[in-house]
Amino acid sequence: MINITFPDGAVRQYEAGTTALDIAKSISEGLARNVLSAKVNGEVWDATRPITEDSTLALLTWNDAAGKATFWHSSAHLMAEALETLYPGTKFGIGPAIDEGFYYDIDTGDRQLSDAEFQEIEKKMQELAQAKNPYIRKEISKADAIAYFEDKGDEYKLELLEGLEDGSITFYEQGNFVDLCRGPHIPDTGKIKAIKLMKIGGAYWRGDETRKQLTRIYGITFPKQKELNEYLELLEEAKKRDHRKLGNELELFMFSERVGAGLPIWLPKGTALRTRLEDFLKKEQIKRGYQPVITPHLGKKDLYITSGHYAKYGADSFQPIHTPKEGEEFLLKPMNCPHHIMIYKSQPRSYRDLPIRLAEFGTVYRYEQSGELSGMTRVR
């Protein structure tokens with residue numbers, strides 16, 4: 001027997017090898033129907049995975065963020081199964097859950113998919129969901145995993161396998177679809193009742209623009225059709241209030257292809273609004289002991305190497321600017337803090353000076369990929 005400790009501190013005994021779903025059924029059938037996954041000793045597991053030792057347990061449903069993430073991750077696998085069924089030979093990159101729904105990056109070879117295929121894919125997903133196929137977790141050797149994807153000719157999964165340590169590799173299977181995956185997943189496809197594919201676009205493999213561009217399909221699913229309908233209604237309402245739409249209608253800001261993507265131009269009305277906001281914030285910051293500063297838009301590359309930012313964010317920065325005469329390299333600053341550290345270091349300091357609070361309405365520059373740009377929320 002093993003001891004299972006619940007979130008309220010209650011401890012119950014169960015047979016070793018019991019699952020979270022079994023435990024949910026022992027409490028009530030209604031609870032079991034709603035369980036999507038479980039948190040076992042702080043780690044999210046399949047609700048159908050055997051528990052073999054004393055553990056803490058929290059059952060996860062649609063009302064839990066981790067439950068939703070499991071649901072949407074499983075939905076990505078369902079979409080992948082539909083795509084492989086409809087378009088044999090499709091190769092798969094990654095298919096994670098995201099804040100609202102999921103996506104999968106795929107390579108369909110010479111076939112170009114568009115949203116015109118969405119209805120067909122959704123129909124196949126519904127058909128596969130109704131089959132109520134279980135998501136089955138399997139552990140195999142790395143050598144067997146490599147052999148499987150070599151046989152399928154899926155170079156993307158093979159590359160992902162290269163980055164994994166030797167030892168046991170986790171596969172998940174539902175119906176006729178098998179994928180390399182850590183999990184967890186929901187008990188079966190039948191829990192996915194409402195399906196909507198949202199958009200299609202391109203994404204470079206592993207975010208590297210020197211690699212092949214794959215097709216990325218986004219979708220969202222729900223346990224009930226009513227929830228999907230409500231979500232779509234909210235999206236329609238949000239479109240009416242989209243800042244990009246309002247920014248244009250109210251003449252606040254604009255974008256120009258001649259200037260470049262992700263580079264907003266503040267118009268007079270928008271500038272007046274922005275100035276009012278900045279004035280308000282400056283007053284509030286000063287009340288709280290912040291001192292306004294202004295720093296250059298450029299900084300030596302060495303500054304960001306020393307701060308550690310270049311190693312972590314170098315790929316997201318614009319290319320260095322070279323000065324031939326001095327033989328130096330400068331970066332358009334991707335963040336303010338290294339400059340502020342130089343202000344701190346400019347004179348001797350004592351613990352009596354602390355806290356030192358600096359504030360700046362600085363312009364920073366990031367080399368966001370074109371597919372990541374979105375109005376004023378993701379700019380360069």
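The numbers in our numbering rise by one with no breaks, and the one at position 37 of the sequence shown is 37.
The beta carbon of each residue, even a glycine, is placed where N, CA and C say it ideally should be.
Looking at residue i: is its Cβ nearer than 9 Å to the Cβ of residue j?
i, j, result
"D105", "F92", "yes"
"S55", "N41", "yes"
"G375", "R241", "no"
"T221", "I200", "no"
"K301", "F330", "yes"
"A76", "G219", "yes"
"A80", "K124", "no"
Does chain B have any CB closer than 9 Å to the CB of residue i?
i, result
"Q369", "Annotation note: the requested chain B is absent from the structure, which comprises a single protein chain."
Report buried or exposed for residue i, applying the criterion of at least 16 other Cβ atoms within 10 angstroms of its Cβ.
i, result
"T275", "exposed"
"S37", "buried"
"A272", "exposed"
"E84", "buried"
"F149", "buried"
"K39", "buried"
"Y304", "buried"
"G95", "buried"
"T90", "buried"
"K269", "exposed"
"H309", "buried"
At the level of alpha carbons, what is the spacing between residue i and residue j?
i, j, result
"K325", "T306", "23 Å"
"H339", "G299", "8 Å"
"P187", "D22", "12 Å"
"Q291", "E284", "11 Å"
"L60", "G67", "5 Å"
"V35", "A24", "7 Å"
"A129", "G362", "50 Å"
"E227", "Q347", "59 Å"
"G163", "E53", "30 Å"
"T189", "P223", "11 Å"
"F118", "Q319", "39 Å"
"W205", "I121", "23 Å"
"P7", "T18", "18 Å"
"W62", "Y103", "19 Å"
"E15", "K138", "22 Å"
"A203", "Q112", "14 Å"
If you drop the 5 nearest sequence neighbours on each side, which residues of the same chain put their C-beta closer than 6 Å to that of residue i?
i, result
"K142", "D166 and I169"
"V11", "N3 and T5"
"T48", "T19, L21 and P187"
Excluding five sequence neighbours on each side, which residues of the same chain lie with their C-beta closer than 8 Å to the C-beta of residue i?
i, result
"E368", "G262, D316, R378, V379 and R380"
"D115", "L197, K199 and I200"
"L246", "L252"
"K239", "K245"
By Cβ distance, which residues of its chain are closer than 7 Å to residue i, with the 5 residues on each side in sequence left out?
i, result
"I356", "Y344"
"L267", "E251, L252, F253 and M254"
"V178", "F171"
"T108", "Y87, T90 and T215"
Taking 8 Å as the line, does the beta carbon of residue i fall inside it for any heavy atom of the ligand COA?
i, result
"A129", "This structure does not include the ligand COA; it has no bound ligands of any sort."
Problem set entry | Meets three-Cβ-pair contact criterion under 8 Å: the region 122-137 and the region 172-188 | yes
Problem set entry | Stretch pair the region 356-366 + the region 319-338: three plus CB contacts closer than 8 Å | yes
Exercise. Hey, is the region 68-81 in contact with the region 148-161, meaning 3+ C-beta pairs nearer than 8 Å?
Worked result: no
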